[in-house]
Amino acid sequence: MDILGLEKAGTFRSEKENVDEDILRMGKGAYAVEVDIMQPIDVNKSPKVHEPKLNHIGLWVDDIHKAVEWLTTKGVRFTPGGIRKGAAGYDICFIHPKGNEEFPYSSEGVLVELVQAPADVIQALS
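Read in numbering that gives the first Met the number 0, the sequence shown has 3 at position 4, and its numbers run on one by one without any break.
Right, dumping it as structure tokens:
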């Protein structure tokens, strides 16, 4: 952490999601970059947050409900669980890494997290 200039911003643990993580941050405000270092609580259970090593990438969206609605109409597949609170307290959902017959579009093998951006981030990046 120190070598990269990352500061510990928090922790998150969820038996349901089989994850124990440290939330690290570099930078300030709307331009901060967050890195979540995750390990499974039980390596024999799913989801296996440690496989592959790059678990997912998160993207800010200015209105998560509209984003999910629009992407769904375009045929994008989402993971089960819908929109929910994430580790950092923001609403999140995930684009499924694999498409199916009903929803052919996916994130092509990489789990993509959509994250509701807080108002200060939306304003700073507008």
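Cβ atoms here follow ideal geometry from the backbone N, Cα and C, with glycine treated the same way.
Please read all numbers here as calculations on a predicted model, not as lab measurements.
- Item | Secondary structure of T78, DSSP reduced to three states | Within the sequence shown, numbered from 1, the residue matching residue 78 stands at position 79. Coil, per DSSP.
- Query: How would you call D62, buried or exposed, if buried means at least 16 neighbouring beta carbons within 10 angstroms?
  - Reply: As a first step, residue 62 is located in the sequence shown; it is residue number 63 there, counting from the start. When all chains shown are included, D62 counts as exposed.
- If you scan the segment 78 to 113 from start to end, which runs of the beta strand (DSSP E) of 3 or more residues do you find wholly inside it? Within the segment 78 to 113, the runs of beta strand (DSSP E) that reach at least 3 residues and sit entirely inside it are, in chain order, 90 to 94.
- Measure the alpha-carbon distance for T72 versus V111 and round it to whole angstroms. Stepping through the sequence shown from its first residue, residue 72 is reached at position 73. Stepping through the sequence shown from its first residue, residue 111 is reached at position 112. So the two alpha carbons sit approximately 18 Å from each other.
- In three-state DSSP terms, what is K65? Numbered from 1 along the sequence shown, position 66 holds the residue referred to as residue 65. Note: K65 maps to helix in three-state DSSP.
- Query: Quick one: Cα of M37 to Cα of D19, how far?
  - Reply: Indexing the sequence shown from 1 puts residue 37 at position 38. Indexing the sequence shown from 1 puts residue 19 at position 20. Each residue's alpha carbon lies about 6 Å from the other.
- Message: So the candidates are H55, K84, V67; which of them puts its Cα closest to the Cα of R76?
- Response: Sequence index remark: in the sequence shown, residue 76 carries index 77 (1-based). Closest by alpha carbon: V67.
- Task: Can you tell me which of E6, I22, L5 puts its alpha carbon nearest to the alpha carbon of H12?
- Result: Here the question's residue 12 lines up with position 13 in the sequence shown. Looking at the sequence shown, residue 12 is not His but Arg. Taking R12 as reference, the option from E6, I22, L5 with the minimal CA-CA separation is I22.
- Assign S105 to one of two classes, buried (16 or more other C-beta atoms within 10 Å of its C-beta) or exposed (fewer than that). In the sequence shown, the residue the question calls residue 105 occupies position 106. Buried, by the Cβ-count rule.
- Query: N17 and P51: beta carbons closer than 9 Å?
  - Reply: Locating residue 17 in the sequence shown gives position 18, where the first residue counts as 1. Locating residue 51 in the sequence shown gives position 52, where the first residue counts as 1. Going by C-beta atoms, N17 is not nearer than 9 Å to P51.
- Message: Checking 9 Å against the spacing of the C-beta atoms, do A29 and V120 come in under that value?
- Response: The residue given as residue 29 occupies position 30 in the sequence shown. The residue given as residue 120 occupies position 121 in the sequence shown. In this structure, A29 places its C-beta atom within 9 Å of the C-beta atom of V120.
- Leaving out the 5 sequence neighbours to the left and right, which residues in its chain are closer than 6 Å to E6 when beta-carbon positions are compared? To locate residue 6, count along the sequence shown from 1; it is residue 7. By the criterion of a C-beta distance shorter than 6 Å, E6 is surrounded in its chain by R24, once the five residues flanking it on both sides are discounted.
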